[in-house]
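Protein chains: 2
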Amino acid sequence: MITRETDYAIRAMLYLAHHAGDGAISAATVAEAMDIPYRFLRRILSRLVGTNLLVSTRGKQGGLRLARDPEEVSLLDVVEAMDPEVITLNSCVLKSALCARSAYCAVHDELCRIQIYVNAELGAISLAKLVEHESGRNDDLPHTI
Amino acid sequence: MITRETDYAIRAMLYLAHHAGDGAISAATVAEAMDIPYRFLRRILSRLVGTNLLVSTRGKQGGLRLARDPEEVSLLDVVEAMDPEVITLNSCVLKSALCARSAYCAVHDELCRIQIYVNAELGAISLAKLVEHESGRNDDLPHTI
DNA sequence: ACTATATGATACTATACCCGTGTCATATAC
DNA sequence: GTATATGACACGGGTATAGTATCATATAGT
């Protein structure tokens, strides 16, 4: 399950992707535009900086910007940055040691197969693709990116 | 994320599928065989009865049995019985009303697409298939179904 | 140099969910 | 009648989620 924290992270990344090339953008600006609690967002952005998805500059005129081109950042990157365990279907998929029976467990095999597909799909969705989709449909609507 | 409760439910269903035709099996037997805390399992089985996946008979010689053939019960059935929100990738996938921007949200669209695939996959995995896989590989191993 | 503006790093709280337990009532086979 | 089984709740500890609060630090512009 994608938590709200991760959801906010995606929104923030999308906003920054949409404004890539505009220089550094402050957390306050992102919070306002994306309707995310400021202090909560601060911690999220901090994490995204720590995982090298964002680059920050301090002080006046400072802020955040994407560390890579929007084409080079996937939804999976963002999700994994926020939660190393990703959207894991079942914990036994992640740590097979958790389940004594995992070596012989058919359920485990099936879940792993599905999990691999999900991760591949998320990895194939770039921020650029998402931004393109959104702006193509509703440039003038309120509260859109 | 599949919770441990759901995981137990799957294990229990698999055990009962494997012993389909053997008559009613008590919760105590399932708990012992599948290494699930008895009282916890009781509540889980109660839920599976309530959602018509299991049929129970009370009293001596009573217990649980599958309400349908193992071929007719999917992993999705079990997961949905335990948690109506299933393995939902994101809550906005389920209740679009949660997110004001969902109508124009590309992320929402992509997640829905993946979610549909996941559900279809889970729906295509029957208990019979799982039991067949397991027993084909390790009939003599300890702690297997 | 000073100040306003920006992030960095923690620590804190309240709520909710997860996992498991405990108790008592009720039905039924022998 | 009694042992055996499920039915229906209520309770509690631990942990994660969602959000807040505070202070330190860096920097652009005056």
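From first to last, the protein sequence lines stand for chains A and B.
Residue numbering for the first sequence follows the working numbering, starting at 9 and increasing by one per position.
Residue numbering for the second sequence follows the working numbering, starting at 9 and increasing by one per position.
Cβ coordinates follow ideal geometry from the N, Cα and C atoms, glycine included.
Excluding the 5 residues flanking residue i on each side, which residues of the same chain have their C-beta closer than 6 Å to its C-beta?
i	result
residue 81 of chain A	135
residue 131 of chain B	82, 84
residue 35 of chain A	49, 50, 53
residue 65 of chain A	32
residue 59 of chain A	89
residue 70 of chain A	32
Here's a check: name, in chain order, each residue in its chain whose Cβ is nearer than 7 Å to the Cβ of residue i, leaving out the five neighbours to either side.
i	result
residue 74 of chain A	24, 25, 28, 62, 81
residue 47 of chain A	none
residue 78 of chain B	25, 28, 134, 135, 136, 139
residue 55 of chain B	89, 90
Can residue i and residue j be called in contact, C-beta distance under 9 Å?
i	j	result
residue 86 of chain B	residue 33 of chain B	no
residue 90 of chain A	residue 37 of chain A	no
residue 22 of chain B	residue 139 of chain B	yes
residue 114 of chain A	residue 68 of chain B	no
residue 133 of chain A	residue 97 of chain A	no
residue 141 of chain B	residue 43 of chain A	no
Just list the residues that DSSP pairs residue i with in beta bridges.
i	result
residue 131 of chain A	Paired residue(s): none; residue 131 of chain A is not in a bridge.
residue 33 of chain B	B/72
residue 98 of chain B	A/10
residue 54 of chain A	For residue 54 of chain A, which the question treats as bridged, DSSP gives no partner whatsoever.
residue 65 of chain B	B/71
Compute the minimum distance between the beta carbon of residue i and the heavy atoms of the ligand COA, and state whether it is under 8 Å.
i	result
residue 142 of chain B	No copy of the ligand COA appears in this structure; indeed no ligand is present at all.
Leaving out five residues before and five after residue i in sequence, what residues of the same chain have Cβ atoms less than 8 Å from its Cβ?
i	result
residue 45 of chain B	39
residue 12 of chain B	none
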